[in-house]
Structure formats: structure tokens, C-alpha cells
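Let me begin by presenting the structure, written as C-alpha cells, before commenting on it.
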Amino acid sequence: MIRTQVAIIGAGPSGLLLSQLLQRNGISSVVLEQRSRSYVEARIRAGLLERGTVELLEAAGAGERLRREGLVHDGVELAFAGRVQRIDLKALAGHAMTVYGQTELTKDLGDAHAALGGTVLYEATDVALDGFEGTHPRVAFTHQGVRDEVECDFIAGCDGFHGISRASVPAGSIQTHERVYPFGWLGVLAEVPPVSNELIYANHARGFALCSMRSMTRSRYYVQCTPVDKVEDWSDSRFWDELRARLPAGYASRMVTGPSIEKSIAPLRSFVAEPMRFGRLFLVGDAAHIVPPTGAKGLNLAAADVRMLYEGLVDYYRSGSGTLLGEYSARALARVWEATRFSWWFTTLMHRFSDDSFAQRLQVAELEYLVESPAASWSFAENYVGLPFA
Ligand code: RFL
Ligand code: PHB
Numbered sequence: 281m282i283r284t285q286v287a288i289i290g291a292g293p294s295g296l297l298l299s300q301l302l303q304r305n306g307i308s309s310v311v312l313e314q315r316s317r318s319y320v321e322a323r324i325r326a327g328l329l330e331r332g333t334v335e336l337l338e339a340a341g342a343g344e345r346l347r348r349e350g351l352v353h354d355g356v357e358l359a360f361a362g363r364v365q366r367i368d369l370k371a372l373a374g375h376a377m378t379v380y381g382q383t384e385l386t387k388d389l390g391d392a393h394a395a396l397g398g399t400v401l402y403e404a405t406d407v408a409l410d411g412f413e414g415t416h417p418r419v420a421f422t423h424q425g426v427r428d429e430v431e432c433d434f435i436a437g438c439d440g441f442h443g444i445s446r447a448s449v450p451a452g453s454i455q456t457h458e459r460v461y462p463f464g465w466l467g468v469l470a471e472v473p474p475v476s477n478e479l480i481y482a483n484h485a486r487g488f489a490l491c492s493m494r495s496m497t498r499s500r501y502y503v504q505c506t507p508v509d510k511v512e513d514w515s516d517s518r519f520w521d522e523l524r525a526r527l528p529a530g531y532a533s534r535m536v537t538g539p540s541i542e543k544s545i546a547p548l549r550s551f552v553a554e555p556m557r558f559g560r561l562f563l564v565g566d567a568a569h570i571v572p573p574t575g576a577k578g579l580n581l582a583a584a585d586v587r588m589l590y591e592g593l594v595d596y597y598r599s600g601s602g603t604l605l606g607e608y609s610a611r612a613l614a615r616v617w618e619a620t621r622f623s624w625w626f627t628t629l630m631h632r633f634s635d636d637s638f639a640q641r642l643q644v645a646e647l648e649y650l651v652e653s654p655a656a657s658w659s660f661a662e663n664y665v666g667l668p669f670a
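Heads up: the sequence shown begins at 281 in the working numbering, then just goes up one per residue.
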């Protein structure tokens, strides 16, 4: 039996960041992760960090390489109807975004955590939560063939959309809201210089495309695909042809192509579970909510949850007051719904849903308004860089 203050399920960005922040404030935790460390660190996902996320990583002592290697982007480009328009995020909303891969961020957090002597039990299977509705929460698990248990004050469910934490809550205590979009994103990573210095979000009659990057020599590109497409359907040459077809001519002719290092398809969905607290169990990050990647909000929302929970836990252990912890669910959900709205809106604006020419013309009209109207550009920019914390 292991005794700790906070049991954390999942060693993704949410779980590692929370554990690290608690550790630096003298609060003990044990992280239980079902996969191996190398598997967790190889998962290619997000790439774009809000300023608040960067600050939290620095507070966790995991921001040194990020400061050195992260690419600061002051703007983004929107391509539609044959034109390209830049939105100056820095000038409009006062903040830039930082390009830094989730793979690198997870490695940095893992290293910082190990350096502080934090405990992560990788390949912990059959995790089972109990007692969180009372005063003695427990988490049972199997590690290296031995069944064991963590006794704790609180459980943080940081185990992603398919995790066990949300599934452990009695059905009558939780409400879920969901929108599944009729398309996916096919993503390719390639060792080629990015086509532009900034990200390009493209609305095209053939479907959405996104040009992102991981460094000045490594590009991350996406095209909208059907929900039934398989990675095997997409040879590298088919992918590059499709991407070029969806970009303005200047970019298409300039784009450097090369063999893919990774290729994967992600379905798109919006999902929110309410509340995010059940007695002594708190849901954090993708365990509680999913946004489509269009707004680059998923990882940033997870970090915002971590910030609020960590503040509540520090306050609880310092002052004995449960007030901030009691506000966790409402505070986190307020931000979650703002980001859910923005991600849904930007997804709806940029993707092709059907052959409906009326809908396509409306998208172009809205994009024209977005780039021409200072008020509309400002609204986009303040949401994209991340709304301020209350
Ligand atoms: P994770 O990363 O899913 O980690 C959960 C961890 O829990 C483990 N786990 C379990 N452990 C023990 N027992 C169990 N029963 C368990 N079940 C699961 C898992 O193995 C895993 O290690 O959730 P977390 O930490 O909340 O982090 C969330 C982010 O990973 C996610 O929101 C982002 O990747 C979303 N996202 C993006 N977010 C951004 O902010 N900016 C972006 O640019 C961005 N781009 C993206 C994205 C997600 C994408 N995909 C693939 C969905 C681009 C894509 C294509
Ligand atoms: C990425 O680089 O993977 C990325 C960037 C912006 C998004 C989504 C994904 O909106």
C-alpha cells in the first residue's frame, strides 16, 4: 500500500504538469500511467501553446528548452477564395503563440519530474478508483505483476478521453454534451522546411488544410479527410497533391515535399462532461472535455484546468480552506465552454460540410468580414491566443 496526498491517473501533459507543480509546492503525489514512458513521449499531437501554458510550464521548472527552442509566432494566416490574409495576433490581442511539440513538452515534463524525485508508475494496469464520494479515496492497480493500492486525500483524473476516471462516476451524477463532426484530419509530419514562417489555415472547396510546423526544418501539415478514410488510402504523393490543391498558388508552388515521418488520422469532436468534480475526484484535461483541433485549444485547456486545480490544492493544504477547490469545476467549465464555442465556430467556418453552395458562400463572406473588420479580427485574435484568466 502506498500513501500519498494526491493520486494522479495518467502521465500525459495534464498529469505530469499537475504532479510537478504540486511537488514544487511540497504536496506529494503518485502518477499511475497505463502505457510505457517511451509510448507516452512518442505520441504526436499538439503543437501550439498559449502564453498562459508557457508560463505554467516555467512555473513547473520545465520551461528552459521551450524558451530556447520554441518558435514565437506573432500572427497566423487565413487563406480562402484565392487570397491570403494575416491576422496580427500580437498587435490585436497583445500576445503571441509558441510552437513547441507536445512530444517535446512531455519529455521536458518527464525529465523535470524525475529530477525532483517524483513517482510515475508506468505500465500500471487495471486501475480502479474507489471511495472518492467519501473521505478515503483509493486507487487499486497492477504494476510489474503485483496488485497494489494508493491511499490518498484526492484523485486527479488526468487520463484522457478514453480513461477510467470519468467512466468511474455513476451515470446519474454526470451530464455529457457532444458534437461529432462528419470529417477527420489526416496529419503528416515531414523533415522539410515549412512553407511559411507562420501557420496557414485554409478554407477551400476541396476541404480544409492547415500548414503548421515543429521547427524551421520540420513541417506538420493536415488536410480534412472523410471519417472513413484510412491512412493506407493516403500515399505521400496523394497527400502532397491534395495539400497543394487546397493552398493559394504562391504557396503551392513554393512548398517543399518529402517522405512522411508520421501519418495519422484523427476524428473531430466536441465533448464536455459536467461537473468536473465528484466528491474527492477531479477530472482534468481531455478526461473531461475534447475540442476539435482547429482552434489549437485542447492542450491549452488541459493546462488551464491544471492551473485551477493546483491553485485549489495548494490553498487547501496551506490554509485548510476548501473554498477554491470547491470552485474548481465551475471555474474550469466557464473557460472550457468559451474554448468549446470558439473551436466549434472556427471548425464550422473552415471545413467543407457538404455540396451546399449557399453554405460555402456564407463561409467566404464571414471570412471576408473576419479579416476586414477590426472588431471581428480582434475577437478572433483574443480567443485564439487564449482568453485572460479571471
Ligand atoms: P492525454 O494526452 O490523452 O493523456 C492521458 C494519459 O492517460 C493515460 N491513461 C491511463 N492511465 C492509467 N489508467 C488508465 N485507465 C488510463 N487511460 C488512459 C494515457 O495513456 C495517457 O498517457 O490527455 P491530457 O494529459 O489531458 O492532454 C490533452 C492533450 O493531449 C490534448 O488536448 C491535445 O493533444 C489536443 N490537441 C491540441 N491541443 C492544443 O492545445 N494545441 C494544438 O495545436 C493541438 N493539436 C491536438 C492537436 C490533438 C490532436 N489529436 C490527435 C486528437 C492536434 C491533433 C491532431
Ligand atoms: C499542430 O501543429 O499540430 C497544430 C497547430 C494548430 C492547430 C492544430 C494543430 O490548430
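Just so you know, even glycine gets a beta-carbon here, dropped at the ideal spot from N, CA and C. Quantities reported herein were computed from a predicted structural model and do not represent experimental measurements.
Cβ-Cβ distance between residue i and residue j below 8 Å
i: Leu312; j: Val419; result: yes
i: Gly398; j: Gln303; result: yes
i: Ala470; j: Leu527; result: no
i: Leu346; j: Tyr590; result: no
i: Leu629; j: Glu646; result: yes
i: Ala567; j: Gly437; result: yes
i: Glu357; j: Ser476; result: yes
i: Gly565; j: Pro507; result: no
i: Ile367; j: Ala661; result: yes
i: Glu431; j: His416; result: yes
i: Gly578; j: Gly443; result: no
i: Ala392; j: Ala340; result: yes
i: Thr620; j: Val586; result: no
i: Tyr531; j: Ile307; result: no
Boundaries (first-last residue) of the beta strand (DSSP E) holding residue i
i: Ala576; result: Neither: Ala576 is in no beta strand (DSSP E) and is coded neither H nor E.
i: Leu649; result: It is Tyr, not Leu, that sits at residue 649 in the sequence shown. Counting along the chain, Tyr649 falls outside any beta strand (DSSP E), though it belongs to the alpha helix (DSSP H) covering Ser637 to Glu652.
i: Gln504; result: Arg498 to Cys505
i: Leu369; result: Premise fails: Leu369 lies in the alpha helix (DSSP H), Leu369 to Ala373, not in any beta strand (DSSP E).
i: Ser309; result: Ser309 to Leu312
i: Asp513; result: Looking at the DSSP string, Asp513 is not in any beta strand (DSSP E), and its letter there is neither H nor E.
i: Val356; result: Gly355 to Phe360
i: Thr405; result: Thr405 to Asp410
i: Leu479; result: Leu479 to Ala482
Simplified DSSP assignment, three categories, for residue i
i: Ala420; result: strand
i: Gly565; result: helix
i: Asp428; result: strand
i: Ser445; result: coil
i: Ala326; result: coil
i: Tyr380; result: coil
i: Phe622; result: helix
i: Pro293; result: helix
i: Trp617; result: helix
i: Phe434; result: strand
i: Gln285; result: coil
i: Glu471; result: coil
i: Met493; result: strand
i: His457; result: strand
i: Phe519; result: helix
i: Val665; result: coil
i: Val586; result: helix
i: Gly464; result: strand
i: Phe660; result: helix
i: Arg557; result: strand
i: Arg366; result: strand
Selected residue, minimal CA-CA separation from residue i, among the options
i: Pro555; options: His353, Glu413, Ser609 and Ser533; result: Ser609
i: Pro539; options: Ser476, Thr603 and Val472; result: Val472
i: Leu687; options: His569, Tyr597, Ser308 and Leu389; result: Since the first residue of the chain shown is 281 and the last is 670, residue 687 is not available in this structure.
i: Met588; options: Arg615, Arg366 and Ile545; result: Arg615
i: Glu335; options: Gly443, Thr378, Asp368 and Arg534; result: Thr378
i: Leu479; options: Tyr502, Glu458, Tyr461 and Ala485; result: Tyr502
i: Met535; options: Ala361, Ala340, Met493 and Pro474; result: Pro474
i: Asn272; options: Ala373, His442, Glu344 and Arg283; result: Residue numbering for the chain in the displayed model covers 281 to 670; residue 272 lies beyond these limits and cannot be assessed.
i: Gly606; options: Arg315, Phe558, Leu351 and Ala546; result: Phe558
i: Ala612; options: Ala553, Ser653 and Asp636; result: Ala553
i: Leu328; options: Leu385, Arg363, Lys510 and Phe488; result: Leu385
i: Thr253; options: Thr284, Thr627, Glu542 and Asp595; result: There is no way to answer for residue 253, as the model of the chain reaches only from 281 to 670.
i: His457; options: Ser550, Ala359 and Leu369; result: Ser550
i: Thr284; options: Lys543, Val400, Asn580 and Ala371; result: Val400
First through last residue of the alpha helix (DSSP H) which encompasses residue i
i: Arg348; result: Glu344 to Glu349
i: Ser634; result: Per DSSP, Ser634 belongs to no alpha helix (DSSP H) and is neither H nor E.
i: Thr399; result: No alpha helix (DSSP H) contains Thr399, which is instead part of the beta strand (DSSP E) from Thr399 to Leu401.
i: Thr333; result: Arg331 to Ala339
What are the start and end residues of each continuous beta strand (DSSP E) run of 3 or more residues lying completely inside the region 527-553, in chain order? Along the region 527-553, the beta strand (DSSP E) does not occur as any fully enclosed run of 3 or more residues.
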